[in-house]
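Top line first, the protein sequences correspond to chains H and V. According to the numbering used here, the stretch in the first sequence is residues 1 to 339, in order. According to the numbering used here, the stretch in the second sequence is residues 1001 to 1277, in order. From the three backbone atoms N, C-alpha and C, an ideal C-beta is built for every residue, glycine too. Here the structure comes first, spelled out in structure tokens, and everything after it is commentary.
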Amino acid sequence: MSIQVNNINKRFGDFVALDNVSLDFPSGELTALLGPSGCGKTTLLRIIAGLEQADSGQVLLEGEDASDTHVRERQVGFVFQHYALFRHMTVFDNVAFGLRVKPRKQRPSETEIRKKVGALLELVQLSWLGDRFPSQLSGGQRQRIALARALAVEPRVLLLDEPFGALDAKVRKELRRWLRRLHDELHITSLFVTHDQEEALEVSDRVVLMNKGKVEQVGPPQEVYEHPASSFVFGFLGSANRFHADGQVGFVRPHELDIITDLNSTEGLEARIARILSFGASARVELYAGNGIDAPLQYEVELSRERAASLQLEPEKLVRLVPARLRVFDGSDLQGVGA
Amino acid sequence: MSKAVRRVLPGFNLSLGYTLVYLSLLVLIPLGATFLKASSLSLEQFWAVVTTPRVLASYKLSFGASLIAGAINAFFGLLLAWSLVRYTFPGKRIVDALVDLPFALPTAVAGIALTAIYAKNGWVGSLIEPHGLQVAFKPLGVLVALVFIGLPFVVRTVQPVLQDLETELEEAAASLGASRWQTFRHVVFPALYPALLTGFALAFARAVGEYGSVIFIAGNIPLVSEITPLMIITKLEQYDYVGATAIAVVMLVVSFVLLLAINLLQGWTAKRTGRES
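Here it is as structure tokens:
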């Protein structure tokens, strides 16, 4: 089911959470709402779910205005960051909850409920945990149960609020791959909120980047990464080096910078090496701007280990930085500069 | 050498010893003395003392009114706790402080104040008595006094639990299609139930032992509005110490059995809902 939001405004006191946001979420896609905390992404998700009321604007579900529909009737599955599992119920009863609270006429029989919950637990690969209580489960298991519970009522859309935010790095990574596979299986229109750019880029079909209650850019992960629409997007999607010149700021990713040791060259900028971190496939070099006598500005360069070794880099050494690609943002206009 | 269990905080033996001595001095020895004193009666004599019609009527009133008062307090205490946690309204802090007042007030003051209000010529009494509802000097008066002194217990046990209860749980239930009543019945109430039961047990126990506030409003009419603690005092005033302790023993045993039952109920629900396994 498609979701459309039109001119949504929301304030909390003086704080503007959402500033005239309009977005279109096509049917069957997995979209990431990405942005720093306080950018309004969770508020937007909660307004779509009906857990929060917008001050003005419209939410259209499948083209129909849902602004006055209660969360009960919206048929949205909502997954919370902290799972919100019912602690006094077993895993089975948690998943069955949505089926058991249906009006008597629509309620499936207990055997059907059993079958359906069994299938859902199978889907989230936790069928052996049915009799346990949530407190006996790990974080990753709890979140999968929360997802199964949300799916039990066959929601038209699935909304996930920082679903992996409370998990440790390894489980996070596992779970987001799993979520992607699950989405490919079910094709249910899904929105998930995250502040982790890696997560957003890796999992989603489309990324919506938000900042200070406004949408900065919308597009497929590849596109927003390769062609960021603003300096905010560029900075948020990865590490960025800033070069100031003529009142303008140029942005370069660490792997797009090269180091040359020929100090007589007029190419690039002078910098002094502060630290070399060499592990994994690449080496990271941190540098001071200029000759480093009173230079607070730090640059970061990512090189292959071979390249780093051949340059014979060491701390305190003076080098020059040459950008392979420099971007200058003027307002929201993009001026890619190839070097 | 035996291998001691290592604990983060030391002094387990010391604190256990202290607890036992403390409990013995303050609770077990006085209660033991009660049993000892009562045992100077033969079984027939004991039975005769504790089953006179006046005493039997007082049991009914004391335990009956205490249970009803506990139940009323459970309901309204939950309501009050809910309002205090979930809503902001002007004067909320004052209301919050007022809840504890029945704890601080000398019970006699409470009794006299309630009597003055509910008596025939009192503010409330003069309004309700023409409609045939007499509170003061009736068993109903006893109930009013017991509800008054038991009010803080349920509020103070439920309040912190309610504060910790995430509204997310209610939102989750609503997003799964549960109605307001279903959300309360299946999500909120089970979470509050243990605290509610504890509050009920405390309010009940306090009501059973209450004396000061009740005797003023009860009127103390034999067979109608005499409470068991009053029977004990009456016996004491007649220097019938053995008779007094006999009744006290009955009260103790009944109270203990009821509180134990509540405790077992707590443990049973805890096991059934996975808080302890």
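Closest in alpha carbon position to Phe192/H, among Gly118/H, Phe164/H, Lys173/H and Gly50/H, is Phe164/H.
A direct Cα-Cα distance of roughly 39 Å separates Lys170/H from Asp55/H.
Residues of chain H with a Cβ closer than 9 Å to the Cβ of Val1188/V do not exist, since the nearest Cβ in that chain sits about 10 Å away. Contact check for Leu1114/V against Ile1217/V passes: the beta carbons are separated by less than 8 Å.
Within the stretch 14–49 of chain H, the beta strand (DSSP E) runs of at least 3 residues that lie entirely inside it are, in chain order, 15–25 and 30–34. At least 8 Å separates the beta-carbon of Asn1073/V from that of Val1124/V. One finds Val71 and Arg72 in chain H with Cβ atoms closer than 7 Å to the Cβ of Ala1174/V, taken in chain order. At a cut-off of 8 Å between beta-carbon atoms, Ala1195/V makes no contact with chain H. When secondary structure is reduced to three states using DSSP, Phe1204/V falls in the helix class. Proximity of Gln1182/V to chain H, defined by a Cβ-Cβ separation below 8 Å, is satisfied. When DSSP states are grouped into helix, strand and coil, Gly165/H belongs to the coil group. Here the alpha carbon of Arg1180/V sits roughly 27 Å from the alpha carbon of Ile188/H.
If only uninterrupted alpha helix (DSSP H) runs of at least 4 residues are considered, those enclosed by the stretch 173–250 of chain H are 197–203, 221–226 and 231–236.
When the beta-carbon positions are compared, Leu269/H and Phe243/H come within less than 8 Å of each other. Under the three-state reduction of DSSP output, Glu286/H falls in the strand class. The Cβ atoms of Gly1177/V and Val101/H sit closer than 8 Å to each other.
In this structure, DSSP gives Ser278/H an extended state, which the three-state scheme calls strand.
The beta carbon of Ala49/H lies closer than 8 Å to those of Val71, Arg74, Val76, Phe78 and Leu159 in the same chain, with the five residues before and after it left out. In terms of Cβ geometry, Met1231/V and Ser1015/V do not form a close pair [threshold 8 Å]. Residue pairing by DSSP places Glu300/H opposite Glu286/H in a beta bridge.
Check the Cα spacing between Arg305/H and each of Leu326/H, Asp258/H and Arg272/H: the tightest is with Asp258/H. Approximately 6 Å separates the beta-carbon atoms of Leu61/H and Ile3/H; this is inside 8 Å, confirming the contact. Closer than 7 Å at the C-beta level to chain V, one finds these residues of the stretch 100–118 of chain H: Val101 and Lys102. The straight-line gap separating the alpha-carbon atoms of His195/H and Val233/H is approximately 12 Å.
Annotation: Pro1030/V is outside any beta strand (DSSP E); the continuous alpha helix (DSSP H) that includes it extends over Ile1029 to Ala1038.
Exclusion of the five residues before and after Phe80/H leaves Asp161 as the residues of its chain whose Cβ lies within less than 6 Å of its Cβ. Listed as beta-bridge partners of Gly77/H by DSSP are Leu158/H.
Interface residue (Cβ-Cβ distance to chain V less than 8 Å): Ala84/H is classified as such. In the structure shown, Ser1058/V falls within a helical segment according to DSSP collapsed to helix, strand and coil. In the displayed model, Arg272/H falls within a strand according to three-state DSSP.
Contact between the stretch 1193–1201 of chain V and the stretch 1026–1042 of chain V is absent: fewer than 3 CB-CB pairs across the two stretches fall below 8 Å. Judged by beta-carbon spacing, Gly140/H lies within the 8 Å limit of Leu167/H, meaning their Cβ atoms are closer than that value.
Ser310/H is classed as exposed because its beta carbon has fewer than 16 other beta carbons within 10 Å across all chains shown. Close partners of Phe80/H in chain V (Cβ separation under 8 Å): Glu1168, Glu1171 and Ala1172. Exclusion of the five residues before and after Glu1226/V leaves Ser1058 and Asn1220 as the residues of its chain whose Cβ lies within less than 6 Å of its Cβ. In the DSSP assignment, the residues bridged to Gln58/H are Asn6/H.
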